[in-house]
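Engineer: Position in the sequence shown (first residue = 1) + 79 = the numbering used here. Note that beta-carbon positions come from the ideal geometry of N, C-alpha and C, so glycine has one too. Pasting in a structure now, in structure tokens, and then I'll have a few things to ask.
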Amino acid sequence: MAGNDDGETREAGESAKSGGARPPLGSRARDAIRERIVDRRYPQGSRLVEREVAEELRMSRVPVREALRSLVTEGLLELLPHSGVRVRRLARADVEHLYEVWEPLAVQASRLAARRVARAAPQEPEGLGALRGTLDVAERAAAADEGAREVAAHTAFHEGIVTLSGNPLLSRTMEQLGWQLQLLFGLREEPAHMRAQHAVIFRHIVAGDEETAAASTLLHVRDSRSVALRSLFGDEGDDGRGDGRSDGHGDDATLYTNLY
């Protein structure tokens, strides 16, 4: 472990030289472990051994122990009696509960974001440029075959819509959902389909069209739910909600009408 300690000393020195801008080791360990869970390098149900994780991350066990405890609190990991932790398996109820909260939040956020854009015209409201940037990041990540980065960009897209909505209560709620959404976005069988749906939502927000922005978001969230249930539990049906699959082109407003 001496090598790990030396690595930490070197990292701390580099951080000091840069004005201490780098996050603490515990936070970096937490983010690295979370990323491995999201992209399924650490599959659901797999046991994580503190020593092995520390060696993989080239850190001492102290920040890794702190990170594991934090992720247990977040619900990504669960304690095993006398044997450390394992990646928590998502139950059907976990997925259903998430979408029960996220669906109305996402739909209302898109509606409010489009309203802000319409009211600010011809100027762009703060946050619209950042939202556009998440689409660019997702495209670049896809081209480079960087799955974890693309998933993070998809989550950032929805966080950006919430920010653009201007509603701080929605923002605080979204903060609690971020990692769970990343976990489910990582299940996507067709990432290009998600990028196309996001482009449609963005187009309607930019146009200031509240109801079509909301409807396209509803279509997207319900499609995401169907994909998650199919990937995790082999569901073939959609419980009557419809997955509304679209290639992101054509008269999508006609498709959305069927959801109301």
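Rounded to whole angstroms, what is the Cα-Cα separation between Leu260 and Leu177?
Structural biologist: 8 Å
Engineer: Taking only three categories from DSSP, how would you classify Val230?
Structural biologist: helix
Engineer: With C-beta atoms as the reference, is Val306 less than 8 Å away from Leu248?
Structural biologist: no
Engineer: Taking Cβ positions, are Ile284 and Ala271 nearer each other than 8 Å?
Structural biologist: Contact flag unset, no.
Engineer: With DSSP as the reference, please indicate the residues paired to Glu157 in a beta bridge.
Structural biologist: Within the DSSP secondary-structure output, Glu157 pairs in a beta bridge with Arg165.
Engineer: Could you name the residues of the same chain whose beta carbon sits closer than 6 Å to that of Ala197, not counting the 5 residues immediately before and after it, in chain order?
Structural biologist: Only Gly287 meet the Cβ criterion.
Engineer: Keeping to the same chain, check which residues put their C-beta closer than 7 Å to that of Leu348; ignore five residues upstream and five downstream.
Structural biologist: Because residue 348 is not part of the residues shown, which for the chain are 80 to 339, the question remains open.
Engineer: List the DSSP bridge partners of Arg126.
Structural biologist: Arg165
Engineer: Any chance the CB of Ala209 is under 7 Å from a heavy atom of the ligand ADP?
Structural biologist: For the structure depicted, the ligand ADP is absent and the ligand set is empty, with no information on it obtainable.
Engineer: Taking the C-alpha atoms as reference points, what is the distance between Ala242 and Glu153?
Structural biologist: A small fix is needed here, since residue 242 is Thr in this sequence, not Ala. Looking at the two C-alpha atoms, the distance is approximately 22 Å.
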